[in-house]
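In this note's numbering, the protein residues as written are 1 to 242. Structure record follows, encoded as structure tokens.
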């Protein structure tokens, strides 16, 4: 049975489950302190009982007509520096979620075909939250997500429209092999594709990660401080930059 058919059968009303869900989220917002302040989004593979697409597209309440094929790739690095990769394939759907990370409770959900890109549904869920859960968007301060959600448009909407700080992993978009680049105007300061900023000792060439001196909202930037000064390290050229 297709997932949409299941939802239609609940109480005989297509929108009933969603309506109940939004009502419960509203009640949680009223009784749980700080509910919705820190959010995260992700998706989960939901396999169908069917193994493949059915050539017969006629809906009969039993035949799977909505599902399709999905694929997720996971990459990382072991402690010894070696890289690992995991690929998950399935036939079915995706459950997309925005959750409160403090209470580990959902504030928005949707179900799509397995092939639907996470970022596309993320934009749609934010639009639904604006209509159905505006209070949560007003309360929210941060939104965490993995690199599948690294999208300039999404980041801009979160910060400029909702004043929510995006805490989203960054995809490596650098096409060259350089691990770091020199910051313009700062000969002894380098950064990597993730935005990690380090200063380089003029004498030894040792790179040290710069300390974060806070977020300057009026400049829309993080303040970086000399690690030699902040951590008690000795360097020839100590300074507070940026």
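A virtual CB, placed ideally from N, CA and C, is assigned to each residue, including glycine. Computed from a predicted model, the values in this text were never measured in an experiment.
Query: Residue 93 versus residue 124 - alpha carbon distance; Result: 17 Å
Query: Simplified DSSP state of residue 49, which is helix, strand or coil; Result: coil
Query: Residue from 54, 109, 144 and 147 with nearest C-alpha to residue 97; Result: 109
Query: DSSP state of residue 35 mapped onto helix, strand, coil; Result: coil
Query: Opening and closing residue of the alpha helix (DSSP H) in which residue 121 lies; Result: 118-132
Query: Residues near residue 38 in its chain [Cβ-Cβ closer than 8 Å; skip 5 each side]; Result: 100, 101, 102, 140, 141, 142 and 144
Query: Close Cβ partners of residue 50 (< 6 Å) along its chain, the five nearest in sequence each way excluded; Result: 64
Query: Whole-number beta carbon distance between residue 91 and residue 114, since they are thought to touch under 8 Å; Result: 7 Å
Query: Every unbroken beta strand (DSSP E) inside the region 76-114 [3 residues or more]; Result: 83-100 and 105-113
Query: Three-state secondary structure (DSSP) of residue 223; Result: strand
Query: Sequence-distant residues of the same chain with beta carbon closer than 7 Å to residue 150, five excluded per side; Result: 168, 169, 170 and 171
Query: Local Cβ density within 10 Å of residue 137, reported as buried at 16 or more and exposed below that; Result: buried
Query: Neighbourhood of residue 216 by C-beta, 6 Å cutoff - its chain only, sequence neighbours within 5 removed; Result: 223
Query: Beta carbon of residue 111 nearer than 8 Å to that of residue 95; Result: yes
Query: Proximity winner among 198, 212 and 74, relative to residue 206 (alpha-carbon distances); Result: 198
Query: The beta strand (DSSP E) enclosing residue 168, as first and last residue numbers; Result: 165-168
Query: Residue nearest to residue 164 in terms of C-alpha spacing, selected from 76, 24, 68 and 220; Result: 220
Query: Buried or exposed by the 16-neighbour rule on C-beta atoms within 10 Å, applied to residue 185; Result: exposed
Query: Candidates 72, 227, 188 and 41, of which the one nearest residue 166 by Cα; Result: 41
Query: Short Cβ contact (8 Å threshold) for residue 193 with residue 173; Result: yes
Query: Short Cβ contact (8 Å threshold) for residue 107 with residue 36; Result: yes
Query: Where residue 187 falls: helix, strand or coil (DSSP); Result: coil
Query: Inter-residue CB distance, residue 180 and residue 191 (contact presumed, cutoff 8 Å); Result: 6 Å
Query: Residues of its chain near residue 132, where Cβ-Cβ distance is below 7 Å and the 5 sequence neighbours each way are ignored; Result: 22
Query: Residue nearest to residue 29 in terms of C-alpha spacing, selected from 70, 135, 87 and 52; Result: 135
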